[in-house]
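Here the sequence shown stands for residues 589 to 951, where the numbers follow this note's numbering. Just so it is clear, CB atoms sit at the ideal spot from N, CA and C, and this is done for glycine as well. Comments concern the structure below.
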Amino acid sequence: MQGDMDRETRLIEEFGLRSITGQELGIDHYFARRGIIYACRGYEELMEALQSGNFYTLTGIMPSSERIHLGTMAVVEAVKCFSDRTKQTILLVADLESLATREVSLEEARRIAFEFHIPTYLALGIDPEKCVFYFQSENKDIHKIAADASREITLQEFRAVYGLLEPSRIISSLYQIGDILFPQLVRPMIGVIPVGLDQDPHIRLCRDYVRRSKFFQFKQAVGVYIRDVPSLKGEGKMSKSEPHAAIFLPEDDYKELKRKVYKAFSGGANTLEEQRKYGADLEKDVPYKILQFILKDDSELQRIAESYSSGQMISGEIKEYLYQRLVELMQDLKAKIEQYRETVKRKEIRIISSARELAEYLA
Ligand code: TRP
């Protein structure tokens with residue numbers, strides 16, 4: 589993982605982030621132990637939050653395609669890291685953002701969220717008794733904060749963080765600030781926001797706004813950054829805009845899944861002889877990197893790392909291994925998604941539309 593680390597160190601310095609280790613976090617979750625959670629913005633506040641337990645955990649996901657992919661799954665898993673300590677877990681459906689930036693209607697977003705996304709989050713282990721959901725379009729409180737922030741943030745600042753300035757981005761960013769801070773309309777509390785590094789501009793703007801806001805007394809929001817799940821191509825992160833290089837959850841078509849996994853970018857040498865002799869480069873190997881996100885057993889992962897990097901295991905074998913683990917994951921998820929779809933239909937989940945409703949669920 590040295591290559592990732594170098595790139596990460598550069599990014600961390602460039603953006604003014606702070607790297608964090610599992611030990612500092614004191615969280616015993618494989619994402620923390622393996623450094624999948626690797627950086628934050630707002631280190632002091634994060635430490636204060638974790639020590640006091642006085643914080644909420646919130647993240648948002650756009651309902652722009654039916655199935656989620658492994659990258660989104662990683663965000664959900666990261667949210668779970670905090671579930672034992674946090675006062676509240678909030679997962680929001682960013683339907684206004686997908687309307688503004690992805691041309692998805694609110695009706696479509698709603699359908700996708702109820703039929704696919706929310707059941708999938710529950711299938712992945714989000715506890716319906718502990719998590720609160722909402723749709724941006726139905727939360728009346730985020731607008732109050734968005735309006736206030738719109739006065740405090742200049743066009744120059746938006747330009748500096750986004751480069752390309754479009755009304756859709758500006759409004760989405762203001763809604764996002766509303767999302768991140770609205771739980772505090774009940775009671776000021778630090779917000780811990782697990783996201784990919786691409787969301788850091790929003791966190792920066794939000795933190796700047798918190799320092800300036802006169803009408804609201806907010807505590808800070810902390811960005812907690814998780815490593816990107818790599819695209820199967822080996823370059824960049826997995827994304828729904830490149831379906832051939834992404835793994836979706838669940839996937840019924842195992843042939844297609846196998847084909848994708850076998851085509852994934854390999855860190856193994858070109859010939860069998862060279863693979864045996866030099867071993868694989870784990871920093872470049874996409875199947876290995878994906879295993880880091882889905883294989884929970886540390887010693888098993890360690891065994892594979894040693895065997896594959898020493899040339900005992902070859903790239904065809906790690907691909908087959910990954911494929912098998914993914915099939916298990918899909919089978920498990922499929923059954924659970926069906927089951928949780930019923931939970932959602934029966935309205936046995938907590939859906940809110942204001943900070944006041946959120947207060948009813950405060951732990
Ligand atoms: N902008 C995020 C994304 O692309 C989604 C989002 C909306 C979000 N509101 C949020 C993330 C609040 C974290 C916190 O994908």
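{"query": "CB contact flag (Ile791, Gly766, <8 Å)", "result": "no"}
{"query": "Run of the alpha helix (DSSP H) containing Tyr722, from where it starts to where it stops", "result": "No alpha helix (DSSP H) holds Tyr722; the beta strand (DSSP E) holding it covers Cys719 to Phe723."}
{"query": "Local conformation of Pro771 per DSSP, three classes", "result": "helix"}
{"query": "Nonlocal neighbours in the same chain, by C-beta distance under 7 Å from Pro707, ignoring five residues either side", "result": "Ile925, Tyr928, Arg929 and Val932"}
{"query": "Neighbourhood of Ala947 by C-beta distance below 7 Å, restricted to the same chain and skipping five residues each side", "result": "Val774"}
{"query": "Bridge partners - His657, DSSP secondary structure assignment", "result": "Phe836"}
{"query": "Leu914 versus Glu754: straight-line alpha-carbon distance, rounded", "result": "39 Å"}
{"query": "Assigned exposure category for Thr660 - 16 Cβ within 10 Å defines buried", "result": "buried"}
{"query": "Rounded C-alpha distance that separates Arg698 from Val749", "result": "30 Å"}
{"query": "Asp767 Cβ short of 7 Å to the ligand TRP heavy atom set", "result": "yes"}
{"query": "beta-carbon Glu726 near the ligand TRP non-hydrogen atom, thresh 7 Å", "result": "no"}
{"query": "Nearest neighbour of Lys718, chosen from Ser653, Tyr763 and Thr645 [CA to CA]", "result": "Thr645"}
{"query": "Reduced DSSP category for Lys922 - H, G, I as helix; E, B as strand; rest coil", "result": "helix"}
{"query": "Of the residues Ala688, Thr609 and Glu632, the one placed nearest Arg757, counting alpha carbons only", "result": "Ala688"}
{"query": "Sub-8 Å separation of Tyr709 and Ser941 beta-carbons", "result": "no"}
{"query": "Three CB pairs or more closer than 8 Å across the region 847-861 and the region 897-915", "result": "yes"}
{"query": "Distance, Val810 Cα to Glu633 Cα", "result": "7 Å"}
{"query": "Any non-hydrogen atom of the ligand TRP within 7 Å of Gly604 CB", "result": "no"}
{"query": "Pairwise C-alpha distance: Gln764 and Ile625", "result": "21 Å"}
{"query": "Endpoints, the alpha helix (DSSP H) within which Ile892 is located", "result": "Asp886 to Ser897"}
{"query": "Own chain residues within Cβ distance below 8 Å of Ser801, not counting five before or after", "result": "Asp736, Ala737 and Glu740"}
{"query": "Burial state of Leu752, where buried means 16 or more other Cβ atoms lie within 10 Å", "result": "exposed"}
{"query": "4 or more residues per run - each alpha helix (DSSP H) lying fully within the region 608-645", "result": "610-613, 618-621 and 631-640"}
{"query": "Rounded C-alpha distance that separates Gln590 from Glu871", "result": "With a pLDDT of only 49 at Gln590, under 50, the local geometry of the prediction cannot be trusted, and no value is derived from it."}
{"query": "For Pro755, the residue or residues it bridges with in DSSP", "result": "Paired residue(s): none; Pro755 is not in a bridge."}
{"query": "Thr674 beta carbon near the ligand TRP (any heavy atom closer than 7 Å)", "result": "no"}
{"query": "Supposed contact pair Gly614 and Gly623 - C-beta distance, whole angstroms, cut 8 Å", "result": "Not really, about 15 Å apart at Cβ, beyond 8 Å."}
{"query": "Neighbourhood of Glu945 by C-beta distance below 7 Å, restricted to the same chain and skipping five residues each side", "result": "none"}
{"query": "Buried/exposed call for Leu680, threshold 16 Cβ in 10 Å", "result": "buried"}
{"query": "Among Val849, Glu602, Asp594 and Gly648, nearest to Pro782 - alpha-carbon criterion", "result": "Gly648"}
{"query": "Beta-carbon contacts of Arg629 that lie in its chain and below 6 Å, excluding the five residues immediately before and after", "result": "Leu605, Ile791 and Gly811"}
{"query": "Cβ-heavy atom distance, Met650 to the ligand TRP, below 7 Å", "result": "yes"}
{"query": "Presumed contact (8 Å Cβ cut-off) between Ser725 and Leu658, rounded CB distance", "result": "Ser725 to Leu658, Cβ: 27 Å. No contact."}
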